[in-house]
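Q:
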Amino acid sequence: MELWYSGAVVDAVREAKSRRALFIVYVRDDNEQSEIVDKLWSDVWAVINDTSNMIVLRLNKGSEGCNQFTAIYKVQTYPTIYFINGQNGQILKVVEQIGEDSSKLHELIEESLKIIAPKQEAPQQATKTVEEKVAEARARLKEIHDKRDEEAKAKEKEDEMNRRRLGQQIQLDKQKKEEELLRKHAEEIRRDRLEQQKLQEKIKAQIQQDREEKRRKFEQEHSSPPEQAKAKVTTADIETSKINYTRSRLQFRLTDGSFFTEDFPCDAHMKDVYAYLNETLPADQYRVGSYILRTTHTRVTLTIDNPNTLKELELVPTAVLLVISRGNVHSPSSAVSSTNVFQSIPLVFTWFMMQFNFVYQFIFAKLFGNRPQQPEQTRSTSRVTNDRKVNKPENFKTDSTSKSTIRRFHNTQDDSDDEEKRTWNGNSTQQL
Numbered sequence: 008m009e010l011w012y013s014g015a016v017v018d019a020v021r022e023a024k025s026r027r028a029l030f031i032v033y034v035r036d037d038n039e040q041s042e043i044v045d046k047l048w049s050d051v052w053a054v055i056n057d058t059s060n061m062i063v064l065r066l067n068k069g070s071e072g073c074n075q076f077t078a079i080y081k082v083q084t085y086p087t088i089y090f091i092n093g094q095n096g097q098i099l100k101v102v103e104q105i106g107e108d109s110s111k112l113h114e115l116i117e118e119s120l121k122i123i124a125p126k127q128e129a130p131q132q133a134t135k136t137v138e139e140k141v142a143e144a145r146a147r148l149k150e151i152h153d154k155r156d157e158e159a160k161a162k163e164k165e166d167e168m169n170r171r172r173l174g175q176q177i178q179l180d181k182q183k184k185e186e187e188l189l190r191k192h193a194e195e196i197r198r199d200r201l202e203q204q205k206l207q208e209k210i211k212a213q214i215q216q217d218r219e220e221k222r223r224k225f226e227q228e229h230s231s232p233p234e235q236a237k238a239k240v241t242t243a244d245i246e247t248s249k250i251n252y253t254r255s256r257l258q259f260r261l262t263d264g265s266f267f268t269e270d271f272p273c274d275a276h277m278k279d280v281y282a283y284l285n286e287t288l289p290a291d292q293y294r295v296g297s298y299i300l301r302t303t304h305t306r307v308t309l310t311i312d313n314p315n316t317l318k319e320l321e322l323v324p325t326a327v328l329l330v331i332s333r334g335n336v337h338s339p340s341s342a343v344s345s346t347n348v349f350q351s352i353p354l355v356f357t358w359f360m361m362q363f364n365f366v367y368q369f370i371f372a373k374l375f376g377n378r379p380q381q382p383e384q385t386r387s388t389s390r391v392t393n394d395r396k397v398n399k400p401e402n403f404k405t406d407s408t409s410k411s412t413i414r415r416f417h418n419t420q421d422d423s424d425d426e427e428k429r430t431w432n433g434n435s436t437q438q439l
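With this note's numbering applied, the sequence shown closes on residue 439, and no number is skipped along the way.
1) To test your reading of the DSSP string, which unbroken alpha helix (DSSP H) runs of 4 or more residues are found completely within the stretch 239–298?
2) To the nearest angstrom, how far is the alpha carbon of glutamine 292 from that of aspartate 217?
3) Going straight from the alpha carbon of phenylalanine 225 to that of histidine 304, what length do you get?
4) Give a yes or no on whether the C-beta atoms belonging to leucine 322 and serine 230 are separated by under 7 Å.
5) Return helix, strand or coil for alanine 146, following the three-state DSSP convention.
6) Just grab the DSSP bridge partners of leucine 64 for me.
7) Would you call tryptophan 11 buried or exposed, if buried means 16 or more other Cβ atoms sit within 10 Å of its Cβ?
8) Pull up the DSSP beta-bridge partners for threonine 308, would you.
9) Is it buried or exposed, arginine 147, if we count other Cβ atoms within 10 angstroms and call 16 or more buried?
10) Can you give me the C-alpha to C-alpha distance between threonine 287 and glutamate 202, rounded to a whole angstrom?
11) Compare the Cα-Cα distances from alanine 282 to each of Thr310, Arg333, Ser110 and report the closest residue.
12) Quick check: the Cα distance between aspartate 274 and glutamine 204, rounded to an integer number of angstroms?
13) Does DSSP put leucine 317 in a helix, in a strand, or in coil?
14) Cα-Cα, which of Thr316, Pro289, Asn315, Val330 is closest to leucine 261?
15) Between the beta-carbon of threonine 87 and the beta-carbon of glutamate 103, is there less than 7 Å?
16) Taking the straight line between their C-alpha atoms, what separation do you get for lysine 373 and phenylalanine 356?
17) On the criterion of 16 or more Cβ atoms from any shown chain inside 10 Å, does phenylalanine 90 qualify as buried, or is it exposed?
18) Find the nearest neighbour of methionine 277 within the set Thr268, Asp270, Asp312, Gln258, judged by alpha-carbon distance.
19) Using a Cβ-Cβ cutoff of less than 7 Å, which residues in the same chain neighbour cysteine 73 once the five nearest sequence positions on both sides are dropped?
20) Check leucine 328 in the structure and name its three-state DSSP category.
21) What is the DSSP secondary structure of asparagine 92, counted as helix, strand or coil?
22) Which residues bound the beta strand (DSSP E) around valine 82?
23) Considering only residues of the same chain and omitting the five flanking positions on each side of phenylalanine 30, which have a CB-CB separation below 6 Å?
24) How close, in whole Å, do the beta carbons of alanine 19 and asparagine 60 come, if the pair is a contact with beta carbons under 8 Å?
25) So, at 7 Å on beta carbons, what are the nonlocal neighbours of tyrosine 298 in its own chain, with the 5 sequence-adjacent residues on each side left out?
26) Tell me which residue opens and which closes the alpha helix (DSSP H) that isoleucine 116 is part of.
27) Going straight from the alpha carbon of glutamine 175 to that of glutamate 165, what length do you get?
28) Please identify the residue among Leu99, Asp279, Leu328, Val141 whose C-alpha is closest to the C-alpha of isoleucine 122.
29) Tell me whether isoleucine 116 is buried or exposed, calling it buried when 16 or more other Cβ atoms sit within 10 Å of its Cβ.
What follows is the structure in C-alpha cells.
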C-alpha cells in the first residue's frame, strides 16, 4: 500500500509544519530511471507501517505542484528526492542517484527522522514543580551574572595591564627622548668648545703675527741702512701674501653717544676726512675748526694738517675715531690756577679775621675777665668751615649722603663754572 500525500503542495507544507514531521518530496519524470525509483518506493512502503511522523509527496514534472516546488527549490535532474525539515523548511538531504537497492532509501528515511526527532524529556522533569523551575531559572541567571562579572573583571584586569604596559612604554620613550636631547646638547657644547678653541688659537696666531710685524717694523725703523734694506726686502716679500686693502671704513663717535661710518680710499689724508665731517656734522653743534679727531685705543690726536695717509696712520681696513670739541682737549691748568686764586682770597681773609679775633679775645679777657663766646664768632667759624667745604680742591664730588663712599669724577672746568655761579647766587664768601 502506497502512502503518498494526496493534497496540494501548500497543504502538505502546512501539515508537515504543524505535525513537525519529516517532509519528503519525490520529483519524477517519465524516463526509465524514474520507473526504477518508483519500484524502490513500492518496496519501502511494504516495510514502513507508521507514517505519522512523515509526509511523502510525489510530484510529476510539468504539474502545477511541481512548478510551485521548483520555484522554491531548484530541481536540476529527474528523478530527485528531497528530505526537508517540516519545522523550518531546511533541506536535510538531496538524493539524485539512489541505485536499485531499496534498503538504502529506507536508511536515508530513518536517518532523516532521527535528525528531526524531538528530544524526549527525562521523567524527572515532568514531575518538577513551579518553585523548582523558578529556583533553577534563578540559579541559571546567577550563573550568567557571575560569568559576566568574571568576564568584566578579567577584561578590567587586562585593560589595567595594557594601561600599565602603555605607561611604561611612554616612560621609556620619554626617557629615550631626554637622553637623546642630553646627548645632542652635550654634542653641541663639545662642538662649541672646539670651535671656541679653534677661534682662540686663530686669534692667538693673529696676535702673534701682529706682534712679529710690529717687532719687524720697529727693528726696521731703528736698524742701520743695510739692515733696513734687508728688512724692506723681507717685509715686501711678506706683504705680498697679505690682503691689499684699497678702502678704509672709519666709524665716527660723537660726544652724545651717536655714531656713523663712511668709507675712504687708503691714500686719503686727514684733510679729506675733515672736509667730509664739515659737510656731514650739524653746523650749529660742530663749527669748522671747533673739533678734532682722536683714536680710541692709542689716544692719538689727528689734526687736519697731518701729512700721512690713512694707511700710514694704520687706519686700514677699519678704525674708530672720536669727534671731540677743542674745549675739552686743552689742559685745564689755567682754569684751575685762576680758580685757586679766587678760592684762596676768602681763606686769607678768614685767617686774618681769626688772628684779629684771637688777639681781641685775649686782650678782653685780661681786662674784663672771661666772657662767653659771642654768637658772631660761632657764625664766623661755621662760615669758615662751609667755605673750606665749598673750596675743597678735590677731583671728585661727594654724594649727598655723608656715610656713603660713592664718588664720581668730573671735569675741573665745570668746577670753575660752578664757582662763577656760586659767586652770584648769594652763598659764597666772595661777595664780602
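Just so you know, even glycine gets a beta-carbon here, dropped at the ideal spot from N, CA and C. It should be emphasised that the depicted structure is a prediction, and the values quoted were computed from it without experimental measurement.
A: Considering the structure as presented:
1) 277–287
2) 39 Å
3) 19 Å
4) no
5) helix
6) Val32
7) exposed
8) Arg301
9) exposed
10) 42 Å
11) Thr310
12) 37 Å
13) coil
14) Val330
15) yes
16) 26 Å
17) buried
18) Asp312
19) Val34, Leu66, Asn67
20) strand
21) strand
22) Here valine 82 belongs to no beta strand (DSSP E), and DSSP marks it neither H nor E.
23) Ala23, Ile62, Ile91, Gly93
24) About 14 Å separates the two Cβ atoms, so there is no contact after all.
25) Val330, Ile331, Ser332, Arg333
26) 109–123
27) 15 Å
28) Leu99
29) buried
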